[in-house]
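Numbering-wise (UniProt numbering), the sequence shown opens with residue 1 and increments by one. Okay, structure first, notes after.
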Amino acid sequence: MLIAQMSDLHVTAPGTAPTTAYDTNTRLAAAVAHLNALVPRPDLVLITGDLVNGPKPGEYEALSALLEPLAIPFRVLPGNHDDRTELRRTFAGTGWMPMEGPFLQHAVEEFPVRILMLDSVIPGSAVGGLCADRLSWLAERLAEQPERPTVLALHHPPFDTGLAFLDTLRCLEGAEELGRLVRSRPNVRAVLCGHTHRQTAVAWNGAHGYVAPSVAYQIALDLAPEPPYRWTEEPSALALHQFRPNGTVVTHLSVIGDYPGREFSRKARNS
1 MLIAQMSDLH
11 VTAPGTAPTT
21 AYDTNTRLAA
31 AVAHLNALVP
41 RPDLVLITGD
51 LVNGPKPGEY
61 EALSALLEPL
71 AIPFRVLPGN
81 HDDRTELRRT
91 FAGTGWMPME
101 GPFLQHAVEE
111 FPVRILMLDS
121 VIPGSAVGGL
131 CADRLSWLAE
141 RLAEQPERPT
151 VLALHHPPFD
161 TGLAFLDTLR
171 CLEGAEELGR
181 LVRSRPNVRA
191 VLCGHTHRQT
201 AVAWNGAHGY
211 VAPSVAYQIA
221 LDLAPEPPYR
231 WTEEPSALAL
241 HQFRPNGTVV
251 THLSVIGDYP
261 GREFSRKARN
271 S
């Protein structure tokens with residue numbers, strides 16, 4: 001199975017601007033065109049939170065219009081910039097958006113790899129968390145199919161990334177219990193996250209832990225203990241996760257944009 005992961009879209013209402021100088025709506029449109037052109041085409045697109053920048057009036061309407069041309073099935077989960085009620089309203093007709101309950105958690109069952117979508121949002125806070133109810137839901141879902149290859153997806157990373165300030169805003173509440181659940185279930189192949197606007201990969205409790213880059217804009221890499229965080233002109237990107245029959249997960253960074261190259265000959269390859 002091939003899963004594409006987009007994160008941190010930060011869509012704005014027409015005529016408004018995000019908190020940075022980047023045109024996030026144009027960048028999402030380019031990402032959708034990029035996904036539609038991929039060969040082979042991914043089986044599914046996971047969008048791991050912060051779909052809009054506010055939330056503010058008009059943003060989810062803009063989001064819906066921008067995602068409409070996407071020719072690949074997709075699933076979304078909330079980030080700290082999102083509103084659960086508006087997400088439910090926007091995706092009410094999809095058949096997969098959970099329309100009841102306090103959290104937007106659901107299982108994606110119709111693909112070779114099972115995906116459990118977790119809601120790590122704490123309203124009013126940039127910090128994430130998984131309360132006892134959300135962890136109980138996850139434990140029950142994991143117990144249902146203990147042998148099936150499974151992915152967990154949530155907005156806030158439950159692990160440190162080495163980006164000191166951003167690590168204070170990760171999934172803090174429930175992270176240790178989540179780690180214990182992952183460690184107890186070898187069928188959990190990957191834990192896929194967003195939030196930090198910076199690609200990061202880590203081995204975490206026996207699973208492939210991964211934080212996707214942002215489609216909107218990246219945060220500059222700085223591993224100093226107290227760096228001056230800044231946006232960077234690095235291009236928009238998304239991730240492609242290849243789940244192989246032998247249980248391995250291979251992740252590729254797919255940069256969005258036109259970067260011409262040239263072929264190299266077989267003779268050059270063998271030299």
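Using N, Cα and C, we set each Cβ at its ideal position, and we do this for glycine too.
Apart from the 5 residues on each side of it in sequence, V11 sits with its Cβ closer than 7 Å to the Cβ of T24, N25, L28, L51, V52, N53, E59, A62, L63 and L66 in its chain, given in chain order. Counting C-beta pairs closer than 8 Å gives three or more between the segment 189 to 197 and the segment 156 to 173, which meets the contact rule. Going by beta carbons, P157 and V215 fall outside the 7 Å limit.
In the three-state DSSP reduction, G49 falls in the coil class, being neither helix nor strand.
At a cut-off of 3 residues, the continuous stretches assigned as beta strand (DSSP E) that sit fully inside the segment 150 to 222 are 150 to 153, 171 to 173, 188 to 193, 200 to 204 and 207 to 211. Secondary structure note for S254: it is in no alpha helix (DSSP H), and the uninterrupted beta strand (DSSP E) holding it is V249 to V255.
For R27, the enclosing alpha helix (DSSP H) covers residues T24 to A37. Distance from R134 to N187 at the Cβ level is roughly 20 Å; contact not present, criterion being Cβ atoms closer than 8 Å. With 16 or more other Cβ atoms from the protein chains shown falling within 10 Å of its own Cβ, S236 counts as buried.
Taking the Cα of E226 as reference, the smallest distance to any Cα among L163, Q242 and V39 is reached at L163.
Shortest Cα-Cα distance from Q105 to any of N36, A143 and R88 involves R88.
Sequence-distant partners of G179 (beyond 5 residues in either direction) whose C-beta falls short of 6 Å from its own C-beta, in its chain, are N205.
The alpha-carbon separation between Y22 and Y229 amounts to approximately 17 Å.
Between A31 and I256, the gap from beta carbon to beta carbon is short of 7 Å. Nearest Cα to R183 within the set P42, M117, T200 and G209: G209. Here L118 has L77, Q105, L130, R134, L138, L152, A153 and L154 as same chain residues with Cβ atoms under 8 Å from its own Cβ, once five neighbours each way along the sequence are excluded.
Residue pairing of H241 in beta bridges, as defined by DSSP: I3 and T251.
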